[in-house]
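Residue numbers (my numbering): 8 to 265. Every residue, glycine too, gets a C-beta built ideally from N, C-alpha and C. Please read these numbers as outputs of a predicted model, since none were measured by experiment.
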Amino acid sequence: MIKVTTWNVNSVRMREAHVADFLTSEQPDYLLLQEIKCEEHQFPALTFRQLGYEAVIVGQKSYNGVAILHRAPVEVTLRKLPGMTEADAHSRYVEVSAQGMRIGGLYLPNGNSGGEAGYAYKLEWMENLRLHAAAMLEADEDFILAGDYNVCPTDADFAPRALPPGDALIRPETRAAFNALIYTGLTEAVRALHPRETLYTFWDYQAGAWDRNSGLRIDHALLSPRLAERLVSVTIHKDERGKPQPSDHVPVTVTLSA
Numbered sequence: 008m009i010k011v012t013t014w015n016v017n018s019v020r021m022r023e024a025h026v027a028d029f030l031t032s033e034q035p036d037y038l039l040l041q042e043i044k045c046e047e048h049q050f051p052a053l054t055f056r057q058l059g060y061e062a063v064i065v066g067q068k069s070y071n072g073v074a075i076l077h078r079a080p081v082e083v084t085l086r087k088l089p090g091m092t093e094a095d096a097h098s099r100y101v102e103v104s105a106q107g108m109r110i111g112g113l114y115l116p117n118g119n120s121g122g123e124a125g126y127a128y129k130l131e132w133m134e135n136l137r138l139h140a141a142a143m144l145e146a147d148e149d150f151i152l153a154g155d156y157n158v159c160p161t162d163a164d165f166a167p168r169a170l171p172p173g174d175a176l177i178r179p180e181t182r183a184a185f186n187a188l189i190y191t192g193l194t195e196a197v198r199a200l201h202p203r204e205t206l207y208t209f210w211d212y213q214a215g216a217w218d219r220n221s222g223l224r225i226d227h228a229l230l231s232p233r234l235a236e237r238l239v240s241v242t243i244h245k246d247e248r249g250k251p252q253p254s255d256h257v258p259v260t261v262t263l264s265a
């Protein structure tokens, strides 16, 4: 089995102990981190190396940032999303090749800040992700694209009144862009196995969202066709949100047959 986990940790240095405990208990083969919020030299790589994991890090000061922790050797294929300039990359994408597949970790723009220009940037990012997925499919690649998508694909993916009308996570254009990505030929892992369950991956720190289970499902894993055939299980590690000083997101693990 191959286990790929995605987790927006909302500062890897603040959540270092939680990540280390998760690696020890769950032993994923790959852990895709988002919002690490640090530069490469500040990343706690030694802690994770002592647990058997190396790190590929795309960071920046204080904001955003992604990383992939891995046990098997990997080849780094991308440190930014194709189509985005360096100025617009914002440390949101990292991709490696390992075990016959590409593994892309992403932190998609939220789209609620910066007015319409900020929202246009979100849609541009999503279109470039779609084009990248289409190119990999054209090249007959096997791949997984996992991370914080900042998209609730349907109304079933957020609790009633958890988001205001017109929020960028649920705007029709956002959902259309997400569906366009799926329609290239990808499988959304959670809904492939749990089509009707009420499932969330994020609970805001504000307004007692966790206690009221007022959550969102915005962390997703999309699989290329052959990997979709190897999908065994998906686990949302909800217990992580109840720990002291948690991230507002929880890990999502996709298990594939080897």
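Residue i and residue j closer than 9 Å at C-beta
{"i": "T181", "j": "H256", "result": "no"}
{"i": "L176", "j": "N135", "result": "no"}
{"i": "T84", "j": "S104", "result": "yes"}
{"i": "L229", "j": "A140", "result": "yes"}
{"i": "L116", "j": "Y128", "result": "Per the sequence shown, residue 116 should be read as Pro rather than Leu. Cβ atoms of P116 and Y128: closer than 9 Å."}
{"i": "V81", "j": "I43", "result": "no"}
{"i": "R137", "j": "T191", "result": "yes"}
{"i": "E131", "j": "D95", "result": "yes"}
{"i": "M133", "j": "A187", "result": "yes"}
{"i": "Y126", "j": "R178", "result": "yes"}
Whole-Å CB distance - residue i paired with residue j, under 8 Å assumed
{"i": "D36", "j": "R78", "result": "6 Å"}
{"i": "A184", "j": "V261", "result": "Actually they do not touch by this definition, with Cβ atoms about 22 Å apart."}
{"i": "S231", "j": "L193", "result": "6 Å"}
{"i": "D149", "j": "Q41", "result": "Not a contact, Cβ separation roughly 22 Å."}
{"i": "I64", "j": "E47", "result": "5 Å"}
{"i": "R20", "j": "Q49", "result": "7 Å"}
{"i": "M91", "j": "I151", "result": "Actually they are not in contact, since the Cβ atoms of M91 and I151 sit about 20 Å apart, beyond 8 Å."}
{"i": "S254", "j": "N17", "result": "4 Å"}
Closest by C-alpha distance to residue i, when choosing among the options
{"i": "L39", "options": "L138, V11, E145, F50", "result": "V11"}
{"i": "P89", "options": "A235, L113, P80", "result": "L113"}
{"i": "G222", "options": "T242, L170, I189, P202", "result": "L170"}
{"i": "I110", "options": "P251, I9, Y190, S18", "result": "I9"}
{"i": "F24", "options": "E46, Y212, E102, T54", "result": "The amino acid occupying residue 24 in the given sequence is Ala; Phe does not appear at that position. Considering only alpha carbons, the answer is T54."}
{"i": "L206", "options": "V259, G121, P251", "result": "V259"}
{"i": "S69", "options": "C45, G59, K87", "result": "C45"}
{"i": "T242", "options": "Y126, G122, E33", "result": "E33"}
{"i": "R248", "options": "S264, L238, R219, A235", "result": "R219"}
{"i": "E61", "options": "W217, N157, L30", "result": "L30"}
{"i": "A235", "options": "I189, A52, K87, R168", "result": "I189"}
{"i": "F165", "options": "Q67, N15, W14, W217", "result": "W217"}
{"i": "E102", "options": "Q252, G215, T13", "result": "T13"}
{"i": "N15", "options": "R86, Y212, N71, P167", "result": "N71"}
{"i": "G5", "options": "N186, R224, R168", "result": "What is shown of the chain runs 8 to 265, which leaves residue 5 out entirely."}
{"i": "Y212", "options": "V26, G122, Q252", "result": "Q252"}
{"i": "R233", "options": "A52, K250, D147, W210", "result": "D147"}
{"i": "Q57", "options": "I225, K250, V26, D246", "result": "V26"}
{"i": "N157", "options": "Q106, W210, E145", "result": "W210"}
Exercise. So, do the segment 181-199 and the segment 145-164 have three or more beta carbon pairs nearer to each other than 8 Å?
Worked result: yes
Exercise. Can you list, in chain order, the stretches of the alpha helix (DSSP H) that have 4 or more residues and sit fully within the segment 66-108?
Worked result: 93-96
For this session: Scan the segment 176-250 and note each continuous beta strand (DSSP E) run of 3 residues or more that stays entirely inside, going in chain order.
Result: 226-230, 238-243
Exercise. Where in the segment 22-50 do unbroken runs of the alpha helix (DSSP H), each at least 4 residues long, occur, reported from the N-terminal end onward?
Worked result: 23-33
Problem set entry | Segments assigned beta strand (DSSP E), at least 3 residues, entirely inside the segment 124-171 | 150-155
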